[in-house]
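Colleague: Before we start, here is the structure in question, set down as structure tokens.
Residue numbers (my numbering): -1 to 153.
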């Protein structure tokens, strides 16, 4: 089975990061970046741009790939391959959508306890403008059974 390709965009601005509270579907009730599925005929970058526009109402200009993480859930053969992007330039005002409620967080006050449990592992690399690759295996209750994460030079 081929990996399911997904995107995640995190907007940074002057010591803070834009996250969205997921209101429905997979990951509901958690703060996360903005993103989702890549549709047929769409590049990963175009999907990232489309998703953040749909979910937060903003257009990002300087998309930069920071990471690729594969997520596996015990008992599910589908691997989610998430391409993580950073942007520090956007137009528009972050606006709530049907799916996400955006909010700015100071980098020192990121709400890790209300996010996916893997975020605390790779967020420091992201915030240091590093590039990285990783794998996480989730078990019952979204516990992390095993993971690997490494800094890389390029993709």
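C-beta atoms are modelled at their ideal positions from N, C-alpha and C, and glycine is treated no differently.
Please read all numbers here as calculations on a predicted model, not as lab measurements.
Hey, residue 142 and residue 134: beta-carbon distance below 8 Å or not?
Modeller: In contact: residue 142 and residue 134 (Cβ atoms closer than 8 Å).
Colleague: Please report the Cβ distance between residue 92 and residue 16, rounded to the nearest whole angstrom; I am assuming they are in contact, meaning their Cβ atoms lie under 8 Å.
Modeller: The pair is a contact, with the Cβ atoms about 6 Å apart (cut-off 8 Å).
Colleague: In three-state DSSP terms, what is residue 22?
Modeller: In the structure shown, residue 22 sits in coil (DSSP, three-state: anything other than H, G, I, E or B).
Colleague: Can you give me the C-alpha to C-alpha distance between residue 62 and residue -1, rounded to a whole angstrom?
Modeller: Answer to the nearest angstrom: the Cα atoms are 28 Å apart.
Colleague: Let me know the secondary structure DSSP gives residue 48 once reduced to three states.
Modeller: DSSP places residue 48 in helix when its eight states are reduced to three.
Colleague: Per DSSP, what kind of secondary structure is residue 152 in: helix, strand or coil?
Modeller: In the structure shown, residue 152 sits in coil (DSSP, three-state: anything other than H, G, I, E or B).
Colleague: DSSP has residue 101 in a bridge; who is on the other side?
Modeller: Residue 101 is bridged to 17.
Colleague: What did DSSP end up calling residue 56 once you bin it into helix, strand or coil?
Modeller: It is coil, neither helix nor strand.
Colleague: Please go through the segment 65 to 133 and give each complete alpha helix (DSSP H) segment of 4 or more residues, from N-terminal end onward.
Modeller: If we require 4 residues or more, the alpha helix (DSSP H) runs fully inside the segment 65 to 133 come out as 117 to 125.
Colleague: Please state whether the Cβ-Cβ distance between residue 128 and residue 149 is less than 8 Å.
Modeller: In this structure, residue 149 lies closer than 8 Å to residue 128 by Cβ.
Colleague: Looking at the secondary structure, which residues open and close the beta strand (DSSP E) in which residue 11 lies?
Modeller: Element bounds for residue 11: 2 to 11.
Colleague: Excluding the 5 residues flanking residue 70 on each side, which residues of the same chain have their C-beta closer than 6 Å to its C-beta?
Modeller: Excluding positions up to five away in sequence, the list reads 77 and 135.
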